[in-house]
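All residue numbers for the sequence shown refer to my numbering, where the first residue is 244 and numbers rise by one. Reading through the structure tokens given below for one structure.
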Amino acid sequence: MQNMKNQVRGSGMDARSNPANISDGLQNSSGHIGANTRYRLTKLGEQMARLPIDPKIARILLAAKKHDCMAEILVIASALSIQDPRERPLEARDAAAKAHERFTDKQSDFLAYLNIWDSFQRERDKGLSNKQLVQWCRQYFLSHLRMREWRELHHQLAQTAIEMGLTTKEAAFRQPPTQEQLRPSESQGDQDLAAKLKQKQLDKKQHRAQIRAAKEAGYEQIHRALLTGLIANVGMKSPDGNDYTGTRGSRFHLFPASVLFKAKPKWVMAAELVETTRLYARDVAVIQPEWIEQEAPHLVRYHYFEPHWEQKRGEVVASERVTLYGLTVLPRRPVSYGKVAPEEAREIFIRGALVAQESNLQTAFFVHNKKLIKEITELEHKSRKQDVLVDDEALFAFYNERLPELVWKDAKGGVWGSEEGGQTQSDKTAGQNGQANQRNAGSVAQAAHADSKDTDNRERDPSSHTRQNVSDDPKPKKQPASQKGRLKPLPLADIRTFEAWLKTAERDNPRLLFLSRDDLMQHAAAHITEEQFPKFWQTADGKFKLSYRFEPHHPLDGVTMTMPLTVLNRLHAPSLEWLVPGMLREKIQLLIKALPKQIRRICVPVPDFITKFLESNPDRQAAIIPQLAHFIAKSAGDMRILEQIDQDAWAAQELPEHCYLNLRIIDDGGQELAGGRKLHELQQQLGQAAAVTFRDNTQEFERDNVTTWDIGTLPESIKFARGKQQLTGYLGLQKEKDGRIALRLFDTNEAAEQAHRQGVIELMKLQLKEQVKDLNKGIQGFTQAAMLLKHINADTLRDDLTQAVCDRAFIGEDELPRNEKAFKEQIKRARSRLPAVKEALSRYLQETAAAYAELNSKLGKHPLTHLLRQRLQTLLVAGFATRTPWAQWPRLPIYLKAMTLRLEKYSSNPSRDAAREADIQELEQMWQEKTDSLIKQGLPISDGLAGFKWMIEELRVSLFAQELKTPYPVSVKRLLKEWGKYV
């Protein structure tokens, strides 16, 4: 700003600015320089040229008229054109700084000039003599000579502004603002002291708010005007330091004397940048970055990046960045991209709104196309091949061919796909020249726009504005009026414009944008039938919806069955293994691939083998692997191959997720409760809730507090309706948590049978009270047995034995009663059997306790102690009486005696003992893995598989105490052969 400070001295107002100053000033102001070499000035430039000051100051004065702050700007502009009137002598620097504090403003150094001016003017208005004014200036470290120079320059600038019509004489000269005094509220007279104090505080707060609002309004007007001339001196605070980033890559610091030096606001504007040891900004003020674009739109550049379709706004948008000489003013804001790049925006619109269907269009064609694409996409999901639906490029080509490049809006609001669409024949003839001019102008604009593109953003070149404002012809000719007021070109890049055009276009061709199956399908997909890929899964409880999805690694990849919670427990896991016919062949092929090579050879060629297997009509309610293994052995003509196939390991092979049926469990309201591909896990998680939900609204079948058989005949099953679904339930008696007996409806036959057995036993106890009372006192020899089996609580053992006696005596192997007659007959049998069962169990218990005591006394520190104690934990643990089958009770003492004999024989041949134990451990491990697998899958353990456990116990007797004998022949070889039935 040194040129400003030295531009005018005294009365040298007639000195004209040199051309270099004019060029520099116009480059940084709103005076537009033409693109040609003749440098014709705009009207604004001509006005600036008439002012005999720096062009930057001239531009500020012209902006002051627009913002209605001429009086303030004249004061500041004249201050910027002279040397600073404030003095800062070295010997009294602190005193000067303190004296100048009365003139400072927290946000702007420019307003300090106004405060100095107003303070000096108030002293003059008091009628002080010249000597007194000089003394006042010295008091506040102001130069009286510069103050007089400032006033003279201000007077000359004001006269020039008045002569140019920028302001009036009354508005040109600033009067010091009067400080309005606080006025008390009119209603204070009727208030008490506390209310008056509160009202006074409110009045003060309101008064301060009014002063602050008036100050803020004036602040923006003044600094927006200053910004027009000081546009090149703006800066933004660096995020990682105390310096500022300015235009053209400069970096500067705030001058230490500035009032903003400590505050360091984000955006500042400076009167000048002075370079000493570093580049300093002097006379700075806080500004808002939005003012830069508003006051100097011809100097900022617009960069566009990340154009995309935005469904919520219904148009193509891009992010716009505004820069001033390389300084980012606004980093990002969304703008409509259609006006920036119509062709590219149109393509993005087609791809996003129409091809990707990311819009809320409700038009007939869009609904039709969306439905048709969904149907064809479902075919791909079913076949698990993306070879049916055409790709996005084909869809884009379809719409691109039918949509116009631009649309035109006529005076009546109609939107047409061509210029001629909205014109009459006379309009067309009259406007041919205008159309040609518009096309040429559009081509030039597009070429200029294309030239200004960056590699990663789009930039609007400000030179195009200059070309519009400057012309060699002093009076440019106007465009023909025939087109200018009638047709308006619009980019096809938003929903509103598209719907308006479609409304017009469908008058001539209502099915213009309707897709056909031939347009969308690459081939006929004849193999994808409803038989191969059904829409529903049919069961005895109804049909459940199936949905298909082809998206590997997605949770819903494959086929998903949606089913209500009420039928969860009724699903049979093996039936789910068979998926749907269209997906079964791939699953079987993957299972065959998982077999060892020597077995896999039997299945070659695999497709033909799979066809033969499926034609053999396998049981779809049983597991796949056992049937497939049997068919492989049968095909090879050698059933011994079954022994070579480890079916458990085969079943443990993990197949791709889509080879397992996905289950989606919902409640009555359709809300998803859980989902997954492992039925047993879902039944463990929600099985109890499913049983409770199944019983909702079934009170007509149930009854509480049953004390005698007055419930009639219980049917095997009951069918009832639940909503639109037909369900089957199973009735049975159940012992409740409070000990009472109730009639309940169960969702599975297995659950009903298990509960009904216990319920019948409890109901019989009520009819046989005396017998049960006597039984609860303890069976013969109980006290002695309890002392020997002291690792089990006596009360727990008594209850366990009582329940075992009741189960055997009341029911045993008999069929469960389901009517009153059968129940009474069962009571008669129970009365007669009870003494014999009680006596037998007493004898077995005493023998078992004695054998346990003998064994326990010999364990000590024997090498087999740890192993045998583990066996005892399996045989004789709390609850063993009810868990031990009645047929095995006589064998319990034998098992314990066999352990004792094993201890005695161990020392003679430990290696033989270890070898035999290894054979047994292998069989036990096979049995344990099988049962764990069945439990994990939620499948029942058969009676034969449960009995195999006791066969292993007999094998221990045969190997370690053969003299005790076994009820049937057992050996490792025999058990392995028997095991083949269960694998």
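Think of the CB as a built atom: it goes at the ideal place given N, C-alpha and C, for glycine as much as any other residue.
Residues near residue i in its chain [Cβ-Cβ closer than 8 Å; skip 5 each side]
| i | result |
| --- | --- |
| Thr991 | Asn812, Arg813 and Tyr973 |
| Phe779 | Lys786, Phe787, Lys788 and Leu789 |
| Lys1224 | Gly1187 |
| Ala339 | Arg329, Glu330, Arg331, Pro332 and Phe384 |
| Ser1214 | Leu1198 and Ser1201 |
| Pro647 | Gly660, Ser661, Leu735 and Trp744 |
| Glu621 | Tyr791 |
| Asp716 | Per-residue confidence for Asp716 stands at a pLDDT of 31, beneath the threshold of 50, marking its modelled position as unreliable; no derived number is given. |
Residue i vs residue j beta-carbon contact at 8 Å
| i | j | result |
| --- | --- | --- |
| His743 | Ala588 | The sequence given here places Ala at residue 743; His does not occur at that position. No, these two residues do not count as a Cβ contact at 8 Å. |
| Ala917 | Ile908 | yes |
| Ala995 | Asp947 | no |
| Gln350 | Val529 | yes |
| Leu799 | Leu904 | no |
| Thr1045 | Asn1019 | yes |
| Leu604 | Ile738 | yes |
| Phe1203 | Arg1159 | yes |
| Ala872 | Leu885 | yes |
| Ala783 | Pro817 | no |
| Leu1006 | Leu976 | yes |
Buried/exposed call for residue i, threshold 16 Cβ in 10 Å
| i | result |
| --- | --- |
| Tyr1211 | exposed |
| Pro807 | buried |
| Asp327 | buried |
| Ala415 | buried |
| Leu371 | exposed |
| Gln926 | buried |
| Asn1152 | exposed |
| Thr410 | buried |
| Gly665 | Residue confidence is low: Gly665 scores 44 on pLDDT, short of 50, so the model does not pin down where it sits. No coordinate-derived value is stated. |
| Ala1121 | exposed |
| His901 | buried |
| Val935 | exposed |
| Val847 | exposed |
| Met390 | buried |
| Val417 | Per the sequence shown, the amino acid found at residue 417 is Arg instead of Val. Burial call: buried. |
| Thr667 | Since pLDDT at Thr667 reaches only 34, below the 50 mark, its modelled position is unreliable, and no value is offered. |
| Met882 | exposed |
| His797 | exposed |
| Arg965 | buried |
| Gly825 | buried |
| Thr1108 | exposed |
Sequence-distant residues of its chain with Cβ nearer than 6 Å to residue i (five each side left out)
| i | result |
| --- | --- |
| Thr1091 | Leu1135 and Pro1136 |
| Val598 | Asp635, Leu638 and Phe639 |
| Tyr487 | Gly478, Lys480 and Phe495 |
| Pro419 | Asp361, Gln364 and Arg365 |
| Lys967 | none |
Chain B within 8 Å of residue i, Cβ atoms only
| i | result |
| --- | --- |
| Glu406 | This model lacks chain B altogether; it includes just one protein chain. |
Residues of its chain near residue i, where Cβ-Cβ distance is below 7 Å and the 5 sequence neighbours each way are ignored
| i | result |
| --- | --- |
| Gly472 | Ser272, Lys299, Ile300, Arg302 and Ile303 |
| Val1080 | Val1048, Arg1051 and Ala1052 |
| Ala468 | Ile303, Ala306, Ala307, His310, Cys312 and Ile316 |
| Glu749 | Leu755 |
| Glu979 | Ala985 |
**Message:** With a threshold of 8 Å, are at least 3 pairs of Cβ atoms found where one atom belongs to the stretch 1141-1148 and the other to the stretch 1192-1209?
**Reply:** With a cut-off of 8 Å, the stretch 1192-1209 and the stretch 1141-1148 count as touching, because enough Cβ pairs lie within range.
**Request:** Jot down the residue ranges of each uninterrupted alpha helix (DSSP H) in the stretch 1130-1212, minimum 4 residues, whole runs only, in chain order.
**Result:** Fully enclosed alpha helix (DSSP H) runs of 4 or longer: 1135-1149, 1153-1179 and 1186-1203.
**Message:** Counting beta carbon pairs with one atom in the stretch 527-535 and one in the stretch 378-386, are three or more of them shorter than 8 Å?
**Reply:** No, the stretch 378-386 is not in contact with the stretch 527-535.
**Request:** Output the residue ranges of the beta strand (DSSP E) runs that lie fully inside the stretch 956-1030 and measure 3 residues or longer, sorted by chain position.
**Result:** Counting whole runs of 3 or more residues, the stretch 956-1030 contains the beta strand (DSSP E) stretches 961-965, 968-978 and 984-989.
**Item:** Touch test, the stretch 1053-1060 against the stretch 1102-1113, Cβ-Cβ under 8 Å, three pairs minimum
**Value:** Note that the stretch 1053-1060 does not touch the stretch 1102-1113; fewer than 3 beta-carbon pairs, one per stretch, sit closer than 8 Å.
**Request:** Give a yes or no on contact between the stretch 493-503 and the stretch 512-530, applying the rule of three or more CB pairs nearer than 8 Å.
**Result:** When Cβ pairs closer than 8 Å are counted between the two stretches, the stretch 493-503 is seen to touch the stretch 512-530, the count reaching three or more.
**Request:** Report the residue ranges of all beta strand (DSSP E) runs contained in full by the stretch 744-787; include only those spanning at least 3 residues, in chain order.
**Result:** Counting only runs of at least 3 residues, the stretch 744-787 fully encloses the following beta strand (DSSP E) elements, listed from N- to C-terminal order: 779-782.
**Message:** Across the stretch 508-524 and the stretch 476-492, are there enough close Cβ pairs to call them in contact, namely three or more that are closer than 8 Å?
**Reply:** In short, these stretches touch, since the Cβ pair count reaches three.
**Complete alpha helix (DSSP H) runs within the stretch 289-331 (minimum length 4 residues, chain order)** = Correct list: 298-310 and 313-323.
**Asked** Hey, is the stretch 582-596 in contact with the stretch 559-570, meaning 3+ C-beta pairs nearer than 8 Å?
**Response** Three or more Cβ pairs closer than 8 Å define a contact, and the stretch 582-596 meets that threshold against the stretch 559-570.
**Asked** Hey, is the stretch 975-985 in contact with the stretch 948-965, meaning 3+ C-beta pairs nearer than 8 Å?
**Response** The stretch 975-985 vs the stretch 948-965: in contact.
**Prompt:** Would you say the stretch 1122-1130 touches the stretch 1169-1179, given that touching needs at least three Cβ pairs under 8 Å?
**Reply:** Using a C-beta cut-off of 8 Å, the stretch 1122-1130 makes no contact with the stretch 1169-1179, since fewer than three inter-stretch Cβ pairs fall below that distance.
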